[in-house]
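Asks: End of the sequence shown = 257 in the UniProt record's numbering, gap-free, step of one.
Every residue, glycine too, gets a C-beta built ideally from N, C-alpha and C.
This one's a predicted model, so the numbers in the text were calculated from it and none came from an experiment.
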Amino acid sequence: MGKIIAIANQKGGVGKTTTCVNIAASIAATKRNVLVIDLDPQGNATMGSGVDKYEVAHSAYDLLIDELPLDQVVQVETTGGYHLIAANSDVTAAEVKLMEYFARETRLRSALADYKDNYDYIFIDCPPSLNMLTVNAMTAADSVLIPMQCEYYALEGLTALLDTISKLASVVNSGLKIEGILRTMYDPRNRLCSDVSDQLKKHFGEKVYRTIIPRNIRLAEAPSFSTPVMYYDKNSTGAKAYLALAAEILRQEEKLE
Ligand code: ADP
Ligand code: MG
Numbered sequence: 001m002g003k004i005i006a007i008a009n010q011k012g013g014v015g016k017t018t019t020c021v022n023i024a025a026s027i028a029a030t031k032r033n034v035l036v037i038d039l040d041p042q043g044n045a046t047m048g049s050g051v052d053k054y055e056v057a058h059s060a061y062d063l064l065i066d067e068l069p070l071d072q073v074v075q076v077e078t079t080g081g082y083h084l085i086a087a088n089s090d091v092t093a094a095e096v097k098l099m100e101y102f103a104r105e106t107r108l109r110s111a112l113a114d115y116k117d118n119y120d121y122i123f124i125d126c127p128p129s130l131n132m133l134t135v136n137a138m139t140a141a142d143s144v145l146i147p148m149q150c151e152y153y154a155l156e157g158l159t160a161l162l163d164t165i166s167k168l169a170s171v172v173n174s175g176l177k178i179e180g181i182l183r184t185m186y187d188p189r190n191r192l193c194s195d196v197s198d199q200l201k202k203h204f205g206e207k208v209y210r211t212i213i214p215r216n217i218r219l220a221e222a223p224s225f226s227t228p229v230m231y232y233d234k235n236s237t238g239a240k241a242y243l244a245l246a247a248e249i250l251r252q253e254e255k256l257e
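(1) Beta carbon of residue 87, beta carbon of residue 46: below 8 Å?
(2) Excluding the five sequence neighbours on either side, which residues of its own chain have a C-beta within less than 7 Å of the C-beta of residue 264, listed in chain order?
(3) Let me know the secondary structure DSSP gives residue 165 once reduced to three states.
(4) Going by CA-CA distance only, name the one from 89, 252, 251, 215 that's closest to residue 314.
(5) Residue 62 by DSSP, collapsed to three states: which one?
(6) Let me confirm a value: residue 23 is counted as buried when at least 16 other C-beta atoms fall within 10 Å, else exposed. Which label applies?
(7) Whole angstroms is fine: what's the gap from residue 237's alpha carbon to residue 149's?
(8) If you check the beta carbons only, do residue 230 and residue 243 fall under 8 Å apart?
(9) Kindly indicate which three-state DSSP category residue 80 falls into: helix, strand or coil?
(10) Is it the case that the CB of residue 16 approaches a heavy atom of the ligand MG more closely than 7 Å?
(11) If you check the beta carbons only, do residue 29 and residue 138 fall under 8 Å apart?
(12) For the alpha helix (DSSP H) containing residue 73, name the first residue and the last one.
(13) Could you spell out the range, first to last residue, of the beta strand (DSSP E) harbouring residue 172?
(14) Taking C-alpha atoms, which residue in 128, 176, 212 lies nearest to residue 188?
(15) Counting only runs of 4+ residues fully inside the region 188-256, write out the alpha helix (DSSP H) ranges in chain order.
(16) Residue 94 and residue 64 look like a contact to me (Cβ under 8 Å); what is the Cβ gap, rounded to whole Å?
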């Protein structure tokens, strides 16, 4: 059965998109069927998957607003070896239009219902806000993966995110879990980084992934080559870290089965 993971944190620049694209590519490389849904109007996950957001005929807008079936909206050719629902500025309009609907939180869940089991994993890249797009992602999801940059203000805002998750869990999505908390852009020489990391472990214990994503220039360069890092520099520390994270996620799943 397909597992849907929303990658969310209302802070910008914490590594959501980088995590989404690279974890999707790493899992797709194990011959699993993977879908990425880009819900950020900036379309960074789209561009980083080798799909031109200015050229696409369809985007998440068509899925959420026009109710086109997923197989008509999906891009099957990406540089990461996964399927993609693209995003571009149309998705901003979708966010506005969603507000007009009754049952506006559940539009994405309904759109995925018939297609969920075509995939082993579906990753949703959320915008940097707790808006109706993010709410749609977390309502459709089985779990939420939270990337966190280990810096001074990292924990600020986390309460709002956790509140939103628990509200959605009690109102529209009773099974919603925290998939894991991921430390991103980690610099071991930075004292603050290890302090914040310790705090995270103290608060969240087992929910914090063992895998740490280091700060790695290759991860930042790969999107300008329109590809996940493993197909740009497979020996980079960034590529290895995301492969390790994929293995950790797959192992967790096996334990549950
Ligand atoms: P978000 O989607 O949360 O806004 P991004 O994934 O776009 O964050 O990351 C923000 C910026 O930091 C991007 O330019 C990205 O390439 C860069 N970046 C992300 N993760 C790393 C990392 N581990 N090392 C170095 N640069 C990174
Ligand atoms: Mg992003």
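Replies: In short, the structure shows the following:
(1) Within the sequence shown, numbered from 1, the residue matching residue 87 stands at position 87. Within the sequence shown, numbered from 1, the residue matching residue 46 stands at position 46. Yes, the pair counts as a contact, with Cβ atoms nearer than the cut-off.
(2) The structure shown does not extend to residue 264, since the chain is modelled only from 1 through 257, so no value can be given for it.
(3) The count along the sequence shown starts at 1 and reaches residue 165 at position 165. Three-state DSSP puts residue 165 in a helix.
(4) Because residue 314 is not part of the residues shown, which for the chain are 1 to 257, the question remains open.
(5) Indexing the sequence shown from 1 puts residue 62 at position 62. Of the three classes helix, strand and coil, the one that applies to residue 62 here is helix, per DSSP.
(6) The sequence position of residue 23 within the sequence shown is 23, counting from 1. Buried.
(7) Counted from its first residue, the sequence shown places residue 237 at position 237. Counted from its first residue, the sequence shown places residue 149 at position 149. Going from the Cα of residue 237 to the Cα of residue 149 covers about 17 Å.
(8) On the sequence shown, residue 230 is found 230 positions in, with the first residue counted as 1. On the sequence shown, residue 243 is found 243 positions in, with the first residue counted as 1. Cβ distance < 8 Å, so residue 230 and residue 243 count as in contact.
(9) For the purposes of this step, residue 80 is identified with residue 80 of the sequence shown, where counting begins at 1. Note: residue 80 maps to coil in three-state DSSP.
(10) By 1-based counting over the sequence shown, the position of residue 16 is 16. The answer is yes for residue 16.
(11) Position 29 of the sequence shown, counted from the start, is the residue given in the question as residue 29. Position 138 of the sequence shown, counted from the start, is the residue given in the question as residue 138. Their beta carbons are not under 8 Å apart, which means residue 29 does not touch residue 138 by this criterion.
(12) If you number the sequence shown from 1, residue 73 lands on position 73. 70-73 is the span of the alpha helix (DSSP H), which, as asked, contains residue 73.
(13) Sequence index remark: in the sequence shown, residue 172 carries index 172 (1-based). Premise fails: residue 172 is in no beta strand (DSSP E) and is neither H nor E.
(14) Here residue 188 refers to the residue found at position 188 when the sequence shown is read from its first residue. Of 128, 176, 212, the residue nearest in Cα terms is 212.
(15) 191-204, 217-221, 237-256
(16) The residue you call residue 94 lines up with position 94 of the sequence shown. The residue you call residue 64 lines up with position 64 of the sequence shown. Yes, they are in contact, since the Cβ atoms of residue 94 and residue 64 sit about 5 Å apart, within 8 Å.
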